[in-house]
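The block underneath contains the structure these notes are about, expressed in structure tokens.
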Amino acid sequence: MGGVTLLDPIELGPRTAPNRVLFGPHETNLGRNRTISERHVAYYARRAEGGAGTIVVEEASVHPSDWPYERSPLASECGPGWSAVADACRPHGALVLAALGHSGGQGTSHWSQRELWAPSRVPEVDTREVPKQMEAADIEAVVAGFGSAAADARAAGLDGVEVNAGQHSLVRQFLSGLTNQRGDEWADRTRFARDVLGAIRAAQGPEGVLGLRLSCDEYAPWAGITPDDAPTLAAELGELIDYLVVVSGSIYTVGATRPDTHVPAGFNLGLCASVRTAMSAAHGERVAVIAQGSIVDVGMAGSALSDGTADLVEMTRAQIADPDLVAKASAGVSDQIRPCVRCNQLCKVRDNRNPIVSCIGEPRSGHETTDVEPPRQLVSVSTRPSPAPKVTVIGAGPAGLEAARVAALRGCEVTVIDAADRAGGAVPDWSAATGREPLVALVNWMESECRRLGVGFELSRRVGADEVAALAGEGRVVLATGSQPGERSYEVTSTAEVIPAGELMAGRLEGLEPGPVAIWDPIGGPIAVSIAELLVGEGRAVHLITGDQIVGNELSRTGDLAPANARLAQAGVTMHRRRILRKVRKRDVEVDNKFTGERERIVANALIDAGHRLPDDALAAVDRSVARIGDCVAPRTIAQAVLEGRRWAQAMSLRHQ
Numbered sequence: 002m003g004g005v006t007l008l009d010p011i012e013l014g015p016r017t018a019p020n021r022v023l024f025g026p027h028e029t030n031l032g033r034n035r036t037i038s039e040r041h042v043a044y045y046a047r048r049a050e051g052g053a054g055t056i057v058v059e060e061a062s063v064h065p066s067d068w069p070y071e072r073s074p075l076a077s078e079c080g081p082g083w084s085a086v087a088d089a090c091r092p093h094g095a096l097v098l099a100a101l102g103h104s105g106g107q108g109t110s111h112w113s114q115r116e117l118w119a120p121s122r123v124p125e126v127d128t129r130e131v132p133k134q135m136e137a138a139d140i141e142a143v144v145a146g147f148g149s150a151a152a153d154a155r156a157a158g159l160d161g162v163e164v165n166a167g168q169h170s171l172v173r174q175f176l177s178g179l180t181n182q183r184g185d186e187w188a189d190r191t192r193f194a195r196d197v198l199g200a201i202r203a204a205q206g207p208e209g210v211l212g213l214r215l216s217c218d219e220y221a222p223w224a225g226i227t228p229d230d231a232p233t234l235a236a237e238l239g240e241l242i243d244y245l246v247v248v249s250g251s252i253y254t255v256g257a258t259r260p261d262t263h264v265p266a267g268f269n270l271g272l273c274a275s276v277r278t279a280m281s282a283a284h285g286e287r288v289a290v291i292a293q294g295s296i297v298d299v300g301m302a303g304s305a306l307s308d309g310t311a312d313l314v315e316m317t318r319a320q321i322a323d324p325d326l327v328a329k330a331s332a333g334v335s336d337q338i339r340p341c342v343r344c345n346q347l348c349k350v351r352d353n354r355n356p357i358v359s360c361i362g363e364p365r366s367g368h369e370t371t372d373v374e375p376p377r378q379l380v381s382v383s384t385r386p387s388p389a390p391k392v393t394v395i396g397a398g399p400a401g402l403e404a405a406r407v408a409a410l411r412g413c414e415v416t417v418i419d420a421a422d423r424a425g426g427a428v429p430d431w432s433a434a435t436g437r438e439p440l441v442a443l444v445n446w447m448e449s450e451c452r453r454l455g456v457g458f459e460l461s462r463r464v465g466a467d468e469v470a471a472l473a474g475e476g477r478v479v480l481a482t483g484s485q486p487g488e489r490s491y492e493v494t495s496t497a498e499v500i501p502a503g504e505l506m507a508g509r510l511e512g513l514e515p516g517p518v519a520i521w522d523p524i525g526g527p528i529a530v531s532i533a534e535l536l537v538g539e540g541r542a543v544h545l546i547t548g549d550q551i552v553g554n555e556l557s558r559t560g561d562l563a564p565a566n567a568r569l570a571q572a573g574v575t576m577h578r579r580r581i582l583r584k585v586r587k588r589d590v591e592v593d594n595k596f597t598g599e600r601e602r603i604v605a606n607a608l609i610d611a612g613h614r615l616p617d618d619a620l621a622a623v624d625r626s627v628a629r630i631g632d633c634v635a636p637r638t639i640a641q642a643v644l645e646g647r648r649w650a651q652a653m654s655l656r657h658q
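If you want our numbering, it's the position in the sequence shown, counting the first as 1, plus 1.
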């Protein structure tokens, strides 16, 4: 493997991928009903245009008994969509495969309105549904469904298929002792997988690529697939496939498949190396082994290839964040790759809101059919139209930086003004205080791109209302001035110490009095949880107070809800659920039980308020006609701030054309 790089071609069975970067299968909610839609086509074509070597289209269910989420594709309805994706990606050289699967007992009856199918009667963890134990006819129908779907994919012009034996997978459920508790012939746990792979080989013929996504660690050593079992299992199945993607997670550890920043990047690399060693010993170089697991940096990806850990690298979230990742790496400008911060805020979409896949740093992802992108040849300072439209952005947080970047891309002469001595708004302070450094990387990238495009920065400059009016007379002005602490809903005595979370993150931590601390969290987001982890890590007694039934309620959307509660409990944070903060004194706080009204006292020398914030709209109060974006409109997330910055710049540039 010495000398192998991300950009080298590689044979995957009968096909050759132009490079070793894979854009893996993931839920997108881009479908129309259960089809592959025109939104899918634009989404995948954009990654092919950006250089992805192999693209695996969103998983399609191979049998009508499986309907795991509303817009989940059904293979029998995907032929035209698959064909359109193949036609759109083929001119860019990418291989295109169909992901095929069946969620089995990890599905839901909500959409299908029928029983779940599974190897055994093991209740689904989230919905608590008890599935039907599949009978011989059921198993035969699903195996035939895999074969039929593979034949349809090849007929549509795809290069092959990938079978899911990872998360949300009936194939994995048959392979695992956690979910296969049968006593009949299907107690041979590899039989179902072998039958499925055999049916696909027979259906698609020798010219189709056949891959397998295999959970190699279910994090349940009492009965599940373990890292000790996985190399042997992978080698056994290797005789039937062309490539294997090493993943992890099980019915009990769904979040392990795609965790956030609390799990180190590249967490599966050691496991991948052991599987590849076994695969090579059994099959030589015939079966390619693909590394997966929060690999979002091209340096890490390249190292995984050069040191023999893997033959290819899956970089799915990284290419949602920057569709041009491969093209930029190929051009030698890897420093211009927009970083993936592994937050899961917009790219994790299997929830009851049915959001479309996107990215906090790249709002166009998932919206390629409606979001107009500037020409690929970027405008430089020397090629701006003359006279160039003048734009002033007041506020250098995420909203302001994105507005400036997009306006500069469209040929505007842009200046960013901020009272702080550095760009980024509250992000650098918040990230430094809570260990979310990837967010700093994102705003640093935004600033770097702005400067590369000729945006001027006037930092440490405070602007008054009169200046805003004067600047508006010279060109377009947008306010991105952020937010400020909101109104308190509780009583505070004169001697009590109450610190807004934003101020704590901006440097008040050093002045915080020693002793126990209470944190008030009426939102249920990541801020209070992160502050609690920070403070308890310094040896403090920490009390986290929330009115919700569970701490960090909103973290369910990013997959960190259960892990966050486990971390807090293990660290010794005392969690006060179903409580309403009523009064803060110098040495304690008073809370009411949300349901009984019973009042309690919690000993604490200070309270940190992680509650709602309000717009910092002092400048806009003078003239509401001045455009506003981000938190100074309504405090929300970075995702909304960046999106509004982009939309404002797009609309503004259209008016100047």
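Ideal Cβ placement from N, Cα and C applies to all residues, glycine included.
These numbers were taken from a predicted model, which means no experiment stands behind them.
The secondary-structure analysis by DSSP pairs residue 616 across a beta bridge with 484. At a Cβ-Cβ threshold of 7 Å, residue 189 and residue 144 do not count as neighbours.
DSSP links residue 134 through a beta bridge to 119. By the criterion of at least three beta-carbon pairs nearer than 8 Å, the region 457 to 464 is not in contact with the region 494 to 504. Inter-residue distance for residue 266 and residue 317 is about 13 Å (C-alpha atoms, whole angstroms). Contact annotation: residue 393 and residue 480 have beta-carbon atoms that are not nearer than 7 Å. Looking at the DSSP output, residue 603 sits in a beta bridge with 590. When 245, 193 and 350 are compared, the shortest CA-CA separation from residue 312 is found for 245. Counting the other CB atoms within 10 Å of its CB gives residue 490 a total below 16, which places it among the exposed residues. Annotation: residue 275 to residue 175 spans about 23 Å, alpha carbon to alpha carbon.
Taking C-beta atoms under 8 Å as the contact rule, residue 87 and residue 97 qualify, at a distance of about 5 Å. Between residue 107 and residue 216, the alpha-carbon positions lie close to 15 Å from each other.
Looking from the CA of residue 297, the closest CA among 261, 101 and 367 belongs to 261. By the C-beta density criterion, residue 587 is exposed, having fewer than 16 other C-beta atoms within 10 angstroms. For residue 391, the enclosing beta strand (DSSP E) covers residues 391 to 395. For residue 475, same chain residues with a beta-carbon under 7 Å away, outside a window of 5 residues either side, are 391 in chain order. Nearest Cα to residue 513 within the set 583, 606 and 12: 606. Looking at the DSSP output, residue 575 sits in a beta bridge with 544. Nearest Cα to residue 485 within the set 468, 615, 29 and 295: 615. Annotation for residue 18: no alpha helix (DSSP H) segment contains it, though the beta strand (DSSP E) segment containing it runs 16 to 18.
Each of 590, 102, 558 and 450 was checked against the Cα of residue 355, and the nearest Cα belongs to 558. Rounded to the nearest angstrom, the Cβ distance from residue 278 to residue 222 is 21 Å, too far for a contact under 8 Å. Counting the other CB atoms within 10 Å of its CB gives residue 254 a total of 16 or more, which places it among the buried residues.
Unbroken beta strand (DSSP E) stretches of 3 residues or longer found wholly inside the region 240 to 281: 244 to 248, given in chain order. The distance from the Cβ of residue 537 to that of residue 574 is about 5 Å, consistent with a contact at the 8 Å cut-off. Residue 315 carries a strand assignment under DSSP once its states are collapsed to helix, strand and coil. A check of alpha carbon separations from residue 613 across 164, 549, 629 and 526 identifies 526 as the nearest. Separation of residue 595 and residue 580 (C-alpha to C-alpha, rounded to the nearest whole angstrom) is 5 Å. For residue 458, the uninterrupted beta strand (DSSP E) run begins and ends at 457 to 460, by DSSP. A check of alpha carbon separations from residue 50 across 369, 207 and 121 identifies 369 as the nearest.
Under a 10 Å Cβ-count criterion, residue 219 is classified as buried, with 16 or more other Cβ atoms of the shown protein chains found around its own Cβ.
CA-CA distance, residue 443 to residue 186, rounds to 53 Å.
Comparing C-alpha distances from residue 113 to each of 350, 637, 23 and 74 shows the shortest one belongs to 74.
Remark: C-beta atoms of residue 483 and residue 398 approach each other more closely than 7 Å.
Less than 7 Å separates the beta-carbon of residue 400 from that of residue 642. Residue environment: residue 645 is assigned as buried (16 or more neighbouring CB atoms within 10 Å of its CB, all protein chains considered).
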